[in-house]
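*Asks:* In our numbering, the protein residues as written are 1150 to 1405.
Quick one: the structure is below, questions incoming.
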């Protein structure tokens, strides 16, 4: 049975698409026969590539509105359209809420919530005028579903991103569909920052029903599905890609 969706040369922009989950998203779209553009603040050492199809890079800090507009204008100038936007850029270092500076919290919220608002708005202006409209996918986090100690501003921003998804889906339909992916704990090249060494990853994996962390490919494949005609009536949804979630602490405490 074929398990690969073909998107037939759709033009896709992935913010922060050179590493981690973003790289997995970029490679999934490349595998689907899409033209992929990634953007970020610094030029990556290597670009995502699958079977000779390579992503194109545009230098862009998504926290700066002028750079967002320039990036999207460049995509449209080169490819003539923009079919899919994936708001993936985000993240946060660990910082206790009691001591985090206001400047730090504002920067985290700007990257994880304000930037997707501004990028989505710029993409929507293009997509509304296209015959086939477009699709916007916001990458959220399980931090929207539970407390996010150590990354409180990040969790709050991602929760806001899920709410934003629903609002934009209502305002911009039917030409533009807007959905979110609530990504679970994901194994990337930076997993050690949050999960520790291999033993830490193994221990955390035991708390997840699927007995493993998500991979960037898992998130990427879901993005491709949401961008395809198979998801033509999915709008304003938040799809949880977390392997069944995390085992409740009380079960471990009671040895259940």
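Even for Gly, the Cβ is constructed at its ideal location relative to N, Cα and C.
1. Would you mind reading off the limits of the alpha helix (DSSP H) that contains residue 1220?
2. Given that a residue counts as buried once 16 or more other Cβ atoms are within 10 Å of its Cβ, and exposed if not, what is residue 1406?
3. May I have the straight-line CA-CA distance separating residue 1378 from residue 1155, to the nearest angstrom?
4. Give me, in chain order, the residues of the same chain whose beta-carbon lies closer than 6 Å to that of residue 1189; leave out the 5 immediate sequence neighbours on both sides.
5. Could you check which residue in 1370, 1208 and 1328 has the C-alpha nearest to that of residue 1283?
6. Cα-Cα, which of 1215, 1398 and 1353 is closest to residue 1270?
7. By the three-class DSSP mapping on this structure, what secondary structure does residue 1196 have?
8. Taking only the alpha-carbon atoms, compute the straight-line gap between residue 1241 and residue 1257 and give it to the nearest angstrom.
9. Are the beta-carbon atoms of residue 1170 and residue 1368 separated by less than 8 Å?
10. By DSSP, does residue 1171 sit in helix, in strand, or in coil?
11. Just verifying my parser: in three-state terms, what is the DSSP assignment at residue 1184?
12. Whole beta strand (DSSP E) runs in the region 1276 to 1349 with 3 or more residues, listed along the chain?
13. Rounded to whole angstroms, what's the CA-CA distance from residue 1091 to residue 1302? Just pull it up for me.
14. Apart from the five residues on each side of it in sequence, which residues of its chain come closer than 7 Å, Cβ to Cβ, to residue 1158?
15. Would residue 1265 be called buried (16 or more neighbouring beta carbons within 10 Å of its own) or exposed?
16. Let me check one thing: in DSSP terms, what residues is residue 1262 bridge-paired to?
17. In terms of residue numbering, what span does the beta strand (DSSP E) encompassing residue 1164 cover?
18. Going along the chain, which residues of its own chain have a beta-carbon closer than 7 Å to the beta-carbon of residue 1337, five neighbours each way excluded?
*Replies:* Let me spell this out:
1. Residue 1220 -> alpha helix (DSSP H) spans 1214 to 1228.
2. Here the chain comprises residues numbered 1150 to 1405, so residue 1406 is not present and cannot be evaluated.
3. Approximately 10 Å between the Cα atoms of the pair.
4. Excluding sequence neighbours, residue 1189 sits near 1165 and 1167.
5. Scanning 1370, 1208 and 1328 for the CA closest to the CA of residue 1283 turns up 1328.
6. It is 1215 whose Cα lies nearest to the Cα of residue 1270.
7. Residue 1196 falls in the coil class under three-state DSSP.
8. The alpha-carbon atoms of residue 1241 and residue 1257 are separated by roughly 6 Å.
9. The answer is yes: Cβ separation under 8 Å.
10. Assignment of residue 1171 by DSSP, reduced to helix, strand and coil, places it in the helix class.
11. Under the three-state reduction of DSSP output, residue 1184 falls in the strand class.
12. DSSP runs (the beta strand (DSSP E)) wholly in the region 1276 to 1349: 1283 to 1290 and 1325 to 1332.
13. There is no way to answer for residue 1091, as the model of the chain reaches only from 1150 to 1405.
14. Sequence-distant Cβ neighbours of residue 1158 in its own chain, meaning closer than 7 Å and more than five residues away, are 1182, 1183 and 1184.
15. Residue 1265 is buried by the Cβ-count criterion.
16. Per DSSP, residue 1262 has no beta bridge partner at all.
17. Counting along the chain, the beta strand (DSSP E) containing residue 1164 begins and ends at 1160 to 1164.
18. Contacts found: 1169, 1170 and 1365.
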